[in-house]
Every structure is written in structure tokens, then in C-alpha cells.
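Count along the sequence shown from 1, then add 5; that gives the number in my numbering. Even for Gly, the Cβ is constructed at its ideal location relative to N, Cα and C. What follows is one structure encoded as C-alpha cells, with my remarks underneath.
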Amino acid sequence: RWFFVPGVIGSLTLVLVTTLTAFAVVREREIGTLEQIMVTPIRPSEFILGKTLPFFLIGLLDVGLIATVGTLWFRVPFRGSVLVLLAGTVVFLLCMLGVGLFISTVSATQQQAMVTSFFFIMPAITFSGFGFPISTMPQWLQTLTYLDPLRYFLIVLRGVYLKGVGVDILWPQMVAMLVLGVGLLTISVFRFHKALD
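Following this line, the structure appears as C-alpha cells:
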């Protein structure tokens, strides 16, 4: 229970934010309102911000809600700092928004977005260390896990929850998620601009 509840926080946040972000933009394209929005004076960066900010806030609310249930109902001890958990959540959500936007740029319909999300979500959860330790995987798969943002977020979650560690210990995971998040968002925004052109 102590091991899985923090993992559920990360896994549910990944599924929720990725799919919502991917579907929102694809839905606009599919029903034809994306072209109407683009002929207005709104800039593409404002459109992207407007489409991602609500799901960022939903992700924060999701983490807060599941963390509260995990602590009060499942009696998983919360030994760390709420601010450290918040910092880890923010950089993780940047990664998931980047993935969701990227999926929306390679998908033409909501069905394509759903299947593409599935092909990202399942390996991301499998290789994150959620169900079984990364150390039991073959070496080449262990190397691939460094590209999985959920891997780093689970270390942050379990470290904050069970050990009460702070940024002085968790900063490598935070930096890794920040680098992945900025990289994914940059690629997604550039692809989104090309898709609009």
C-alpha cells in the first residue's frame, strides 16, 4: 500500500493530463473550429496557453486530491514537504503537457489521438518502476527508462511521501524532468506552428 499509492498519483496524472491535452486540440481540428480560431487576432502561443493551462490546473488538483485520499483513507504517511511535492508536480506536468501537445500534432482525429496516447501511456507506466523495480529489467530497457518522465516523478513522490527527503536529494530528478519538459514542449510548439501553417 505504501509503495503503490504514491505510484497511483503519478500514473493517474500521466493518463489524465496526456489524454485531455491531446484530445482538446484534436477535437478543435476535427470539428473545424481550429481554422476559425486561427483567423482571429489570437496568436498561436496564446491558443496553446489557453489549451494547456486548464489541464495543468486539473493535473495539480488531481495530485492534491489523490494525495489527500492516500494520506487520510489509505493511511500512507506523508513525511515530506508539500512545496517539494508541488515543485515536482509542476515540472512533471510540463512533461505531460508537452507529450499531449505532441500527440495532438501527429493525430488528425480523436481516435488517432486515443490510440497514440495508449502507445505512449502503457510503456511509460511499465518502464517507470510503478509495478516492479527498474533494476530487474534488462540493461537496454533500464537505459530507455531515462526518457520516461514518470520514472523521475515516482522517485520524487515516494521520496517525499515515505522518506521526507527534500530538494537537496531530489534535485537530479527535478532537473531531469525540467529538461524533458522544456524539450518536449519546445518540439510540440514548433510542430504545432507547422501544423497551423
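Mapping the DSSP letters down to three states, classify residue i as helix, strand or coil.
i      : result
GLY12  : helix
GLY85  : coil
ILE108 : helix
VAL170 : coil
PRO154 : helix
PHE132 : coil
TRP176 : helix
VAL44  : coil
THR114 : coil
GLY64  : helix
PRO143 : coil
ARG196 : helix
GLY37  : coil
PRO138 : coil
So residue i and residue j are in contact, right, with Cβ under 8 Å, and what is the actual spacing, rounded?
i      : j      : result
GLY169 : ARG84  : 3 Å
ILE53  : VAL194 : 6 Å
SER86  : VAL165 : 7 Å
ILE130 : SER16  : 5 Å
GLN115 : VAL20  : About 16 Å separates the two Cβ atoms, so there is no contact after all.
SER133 : LEU102 : In fact, because the Cβ distance is near 18 Å, the residues do not count as touching under 8 Å.
Among the options, which residue has its Cα nearest to the Cα of residue i?
i      : options                           : result
PRO177 : SER193, VAL194, PRO154 and PHE132 : PRO154
PHE107 : LEU77, ASP67 and THR24            : THR24
LEU152 : VAL184, PRO143 and ASP173         : VAL184
VAL95  : PHE125, GLN116, VAL161 and PRO11  : VAL161
THR191 : GLY93, CYS100, PRO59 and ARG32    : CYS100
VAL74  : VAL30, GLN41, PHE132 and PRO11    : PRO11
ALA92  : VAL180, LEU189, PHE9 and ARG196   : VAL180
ASP173 : GLN41, LEU17, VAL68 and VAL89     : VAL89
ARG196 : GLY105, PHE135 and ASP67          : GLY105
LEU98  : GLN117, GLU35 and ASP67           : ASP67
SER122 : SER133, LYS56, VAL22 and GLU35    : VAL22
THR18  : PHE124, ARG163, PHE135 and GLY64  : GLY64
PHE60  : MET142, PHE124, LEU175 and PHE28  : PHE28
GLY37  : PRO128, ALA113, GLN144 and THR150 : ALA113
Give a single yes or no on whether residue i has its beta carbon closer than 6 Å to a heavy atom of the ligand HEM.
i     : result
ARG84 : No copy of the ligand HEM occurs in the structure displayed, which carries no ligand at all.
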